[in-house]
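See structure below.
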Amino acid sequence: MIDKPKTKYYMNTEEKRNNISFLEFVYDFYKSMKKHEISLVYEGEITHQITKAFTSLTESNMAKEEESNTVQKKVFHVMVECLQNISKHADDYGTNDYIFSGRGIFLVAKGIDEYSVTTGNTVENIKIPDLKKLLEQVNSLDKEELTELYKKQIKEGRLSDKGGAGLGFIDIKRKTGRNLDYHFLPINEDTSFFLLTSTISRNN
Amino acid sequence: MDVIKIKGTEDTPSVTLDAASNIFEVAGRSLPEDVAAFYTPIVNWLDKYIQSPNPKTNFSFKLVYFNTASSKLLLDILMKLEDLSKNGKEVLVKWHYSEDDEDMKEAGEEYADIVDVPFEQISYA
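Line order of the protein sequences matches chains A and B.
Quick note: the first sequence uses the working numbering, first residue 1, plus one each step.
Quick note: the second sequence uses the working numbering, first residue 205, plus one each step.
Have a look at this one:
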């Protein structure tokens, strides 16, 4: 007699919903968000519609909280550049790992003194050296040097086929006056997870 | 010449290019999904306009926000105006900014440095 192949057991929807580990996950996730003062989190494909929705949501929240116009504009600016970076650059390389393909995670945190905007997306390892070089360069420059770099890039740079002007990082540092924090966490031998945090001070 | 009149949206600016009425203006917000598609007709229109321009061209920018991708295309517009100025026509760029928007003011100053065309900075309350 031949053994029947074991079929994998899947929880049905109701079981999933009431599964204690799932409930604990949601509660822990909630607590964790509170602890890190996260006001917005999203994982998935970043489209133009998503960009518009998030920026307008954050804008109306900031207006309600009577954040200064200057801070509102800077947060708006940084969000747009960060979201467009993901939509234009998140690699869908190695689509077997479909959970990472062409998508990203996007977080906005609001602390007492500052806002922070964090993005995470996969990049091909071969692109990391150039990316690091640009980020290091931007972080090393002062305000005037950044203005010069911006002018040079806007004059000489060409719009990529995805519609990027290569000015995003430069502009974020110029608008916030703060260095960009970045990390590359290895996923496998070909790809890494690229984390980028921009910080906007709430006190002008 | 054709008139370009585009109504502004939450992510695209309003644009008026009307040679007969001598109105040239880009105003509002600029973060189009496809910047090249949005600005190409505008740059092409200016190419044609330069062939038979008005004696005097005042071009107004009244932007409240533009992303970096748009900034490149705004420079393309300004470079067309620079060409016009080099052809000996009178050109004035009027750069409007909100009085509490230091970044928009600086953006105008930077463009004024990059292109060789008369610039006027105008703040509004």
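Even glycine gets a Cβ: it sits at the ideal position worked out from N, Cα and C.
The structure displayed is predicted, hence computed values, not measured ones.
Residue i burial status per 10 Å Cβ neighbour count (16 or more: buried)
{"i": "B/Y253", "result": "buried"}
{"i": "A/K205", "result": "Since the first residue shown for chain A is 1 and the last is 204, residue 205 of chain A is missing from the structure and cannot be characterised."}
{"i": "A/H183", "result": "exposed"}
{"i": "B/G232", "result": "buried"}
{"i": "A/N203", "result": "exposed"}
{"i": "B/M308", "result": "buried"}
{"i": "A/E145", "result": "exposed"}
{"i": "A/F251", "result": "For residue 251 of chain A there is no data in the structure shown, the boundaries of chain A being 1 and 204."}
{"i": "A/T95", "result": "Here A/T95 scores only 49 on pLDDT, less than 50, and its place in the model should not be relied on; the value that follows carries that caveat. Exposed, by the Cβ-count rule."}
{"i": "A/I112", "result": "exposed"}
{"i": "B/P322", "result": "exposed"}
{"i": "B/Y315", "result": "buried"}
{"i": "A/M79", "result": "buried"}
{"i": "B/D304", "result": "exposed"}
{"i": "A/S116", "result": "buried"}
{"i": "B/P259", "result": "exposed"}
{"i": "A/S87", "result": "buried"}
{"i": "A/T176", "result": "buried"}
{"i": "A/D171", "result": "buried"}
Residues that residue i contacts on chain A, provided the C-beta gap is smaller than 8 angstroms
{"i": "B/P267", "result": "In the sequence as presented, Pro is not what sits at residue 267 of chain B; that position holds Leu. In chain order: nothing, as chain A lies at least about 12 angstroms away."}
{"i": "B/T216", "result": "In chain order: nothing, as chain A lies at least about 11 angstroms away."}
{"i": "B/I318", "result": "K151, I154 and K155"}
{"i": "B/E237", "result": "H48"}
{"i": "B/L279", "result": "I154 and K155"}
Opening and closing residue of the alpha helix (DSSP H) in which residue i lies
{"i": "B/L278", "result": "T272 to K290"}
{"i": "A/R103", "result": "It is not in any alpha helix (DSSP H) - A/R103 carries neither H nor E in the DSSP assignment."}
{"i": "A/V75", "result": "N69 to H89"}
{"i": "B/E313", "result": "E306 to I318"}
{"i": "A/V41", "result": "From DSSP, A/V41 is part of no alpha helix (DSSP H) but of the beta strand (DSSP E) over I38 to G44."}
{"i": "A/K35", "result": "I20 to K35"}
{"i": "A/E66", "result": "First-last for A/E66: undefined, no H or E at that position."}
Interface residues of chain B facing residue i [CB-CB closer than 8 angstroms]
{"i": "A/F76", "result": "Y269"}
{"i": "A/G168", "result": "T272"}
{"i": "A/D28", "result": "The contacting residues do not exist; A/D28 stays about 36 angstroms from chain B at best."}
{"i": "A/V80", "result": "L235 and N271"}
{"i": "A/L159", "result": "V239, A240, A273, K276 and L277"}
{"i": "A/K143", "result": "The contacting residues do not exist; A/K143 stays about 10 angstroms from chain B at best."}
{"i": "A/K73", "result": "Y269, D305 and D307"}
Partners in chain A for residue i, counting only beta-carbon separations shorter than 9 angstroms
{"i": "B/E314", "result": "T147, Y150, K151 and I154"}
Under the three-state DSSP convention, the category residue i falls into
{"i": "A/T95", "result": "The pLDDT assigned to A/T95 is 49, lower than 50, so where the model puts this residue is not dependable; a value taken from the coordinates is nonetheless given after this. Coil, per DSSP."}
{"i": "A/S160", "result": "coil"}
{"i": "B/N258", "result": "coil"}
{"i": "A/I154", "result": "helix"}
{"i": "B/H300", "result": "strand"}
{"i": "A/P186", "result": "strand"}
{"i": "A/L135", "result": "helix"}
{"i": "B/T220", "result": "strand"}
{"i": "B/Y269", "result": "strand"}
{"i": "B/K293", "result": "coil"}
{"i": "A/D181", "result": "strand"}
{"i": "A/L167", "result": "coil"}
Spatial neighbours of residue i in its chain, beta-carbon cut-off 8 angstroms, leaving aside the 5 residues before and after
{"i": "B/A240", "result": "L277"}
{"i": "A/Q72", "result": "E59, M62 and A63"}
{"i": "A/E43", "result": "R103, G104, I105 and F106"}
Limits of the unbroken beta strand (DSSP E) element including residue i
{"i": "B/E229", "result": "I227 to S234"}
{"i": "B/K209", "result": "I208 to I210"}
{"i": "A/I200", "result": "T191 to S201"}
{"i": "A/S116", "result": "E114 to E124"}
{"i": "B/Y328", "result": "F323 to Y328"}
Residues near residue i by beta carbon distance below 6 angstroms, same chain, minus five either side
{"i": "B/A273", "result": "V239"}
{"i": "A/I50", "result": "none"}
{"i": "B/L221", "result": "I208, F228 and W249"}
{"i": "A/T118", "result": "L107 and T197"}
Amino acids of chain B, ordered along the chain, whose beta-carbon sits closer than 9 angstroms to that of residue i
{"i": "A/T70", "result": "D304, D305, E306 and D307"}
{"i": "A/D171", "result": "N271, T272 and S275"}
{"i": "A/Q84", "result": "L235, N271, T272 and A273"}
{"i": "A/T175", "result": "Checking the sequence shown, residue 175 of chain A turns out to be Lys, not Thr. Neighbours of A/K175 on chain B, chain order: D307."}
Cross-chain neighbours of residue i in chain B, by beta carbon under 7 angstroms
{"i": "A/K52", "result": "E214 and D215"}
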